[in-house]
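According to the working numbering, the stretch in the sequence shown is residues 14 to 168, in order.
Quick notes on the structure that follows.
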Amino acid sequence: MVDQNQLRILRNGVETWNAWRRQAEDVRVDLRGADFHEADLIGVDLHGADLKTAVLCDVTLREASLIGANLSGADLSMGDLRGADLHEANLRGADLGLTDLRLAIFYETMILDVELSILSSRENPKICGIDDAEVVGDLVAVDMPVPRHLLAQKS
14 MVDQNQLRIL RNGVETWNAW RRQAEDVRVD LRGADFHEAD LIGVDLHGAD
64 LKTAVLCDVT LREASLIGAN LSGADLSMGD LRGADLHEAN LRGADLGLTD
114 LRLAIFYETM ILDVELSILS SRENPKICGI DDAEVVGDLV AVDMPVPRHL
164 LAQKS
């Protein structure tokens with residue numbers, strides 16, 4: 014269940030949240046099932062956070078740190094994750110429909126049973142999909158077609 018104190022801190026803004034995270038590095042972040050619909054969370058530090066089944070639809074998570082975050086079953090549809098770091102994140106069963114993933118980092122990220130409906134930039138210039146994402150290293154448990162040009166060779 015969501016930690017109400019943590020939710021209150023995050024709702025006070027990204028700057029407040031990130032300052033708290035720097036002071037409370039070892040605290041387990043529990044935001045399971047929280048509703049952030051249409052929130053502006055640019056640059057938020059949610060590394061290692063438990064966001065299972067969270068409502069993050071139409072949320073701006075540009076440049077966010079989601080390293081090791083549990084986003085399983087989360088609704089990220091119509092969100093803006095440009096430049097977000099999803100290194101080792103768990104996206105199992107997440108809804109990424111119409112989510113802008115340009116320059117997002119997927120390194121050892123679990124992408125399994127995700128909803129991934131994408132409009133090409135020709136169909137809608139405001140929404141570009143995973144074709145612009147940076148995929149480095151191995152994707153873990155991929156259960157969706159991934160175009161060859163996305164899979165970079167591991168150096």
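Just so you know, even glycine gets a beta-carbon here, dropped at the ideal spot from N, CA and C.
For residue i: DSSP bridge partner residues
i, result
"residue 83", "63 and 103"
"residue 93", "73 and 113"
"residue 68", "48 and 88"
"residue 108", "88 and 128"
"residue 53", "73"
"residue 98", "78 and 118"
"residue 43", "63"
"residue 58", "78"
For residue i, three-class secondary structure by DSSP
i, result
"residue 121", "coil"
"residue 128", "strand"
"residue 24", "helix"
"residue 29", "helix"
"residue 136", "Reliability fails at residue 136, whose pLDDT of 41 lies under 50, so the model's placement of it is uncertain and the value that follows must be treated cautiously. Coil at residue 136, not helix or strand."
Residue of the options minimising C-alpha distance to residue i
i, options, result
"residue 95", "60, 63, 56 and 125", "56"
"residue 125", "116, 115, 109 and 118", "109"
"residue 81", "63, 67 and 71", "63"
"residue 93", "36, 29, 71 and 40", "71"
"residue 113", "31, 44 and 76", "76"
"residue 102", "38, 59, 68 and 115", "59"
"residue 111", "25, 23, 129 and 24", "129"
Expected contact under 8 Å - CB spacing of residue i and residue j to nearest Å
i, j, result
"residue 74", "residue 104", "Contact doesn't hold; Cβ gap of about 13 Å is too wide."
"residue 84", "residue 107", "5 Å"
"residue 47", "residue 20", "6 Å"
"residue 119", "residue 99", "5 Å"
"residue 66", "residue 32", "27 Å between Cβ atoms; not a contact."
"residue 34", "residue 15", "Wrong, their Cβ atoms sit about 16 Å apart, outside the cutoff."
Residue i Cβ short of 6 Å to the ligand HEM heavy atom set
i, result
"residue 36", "Annotation note on the ligand HEM: not contained in the displayed structure, which lists no ligands."
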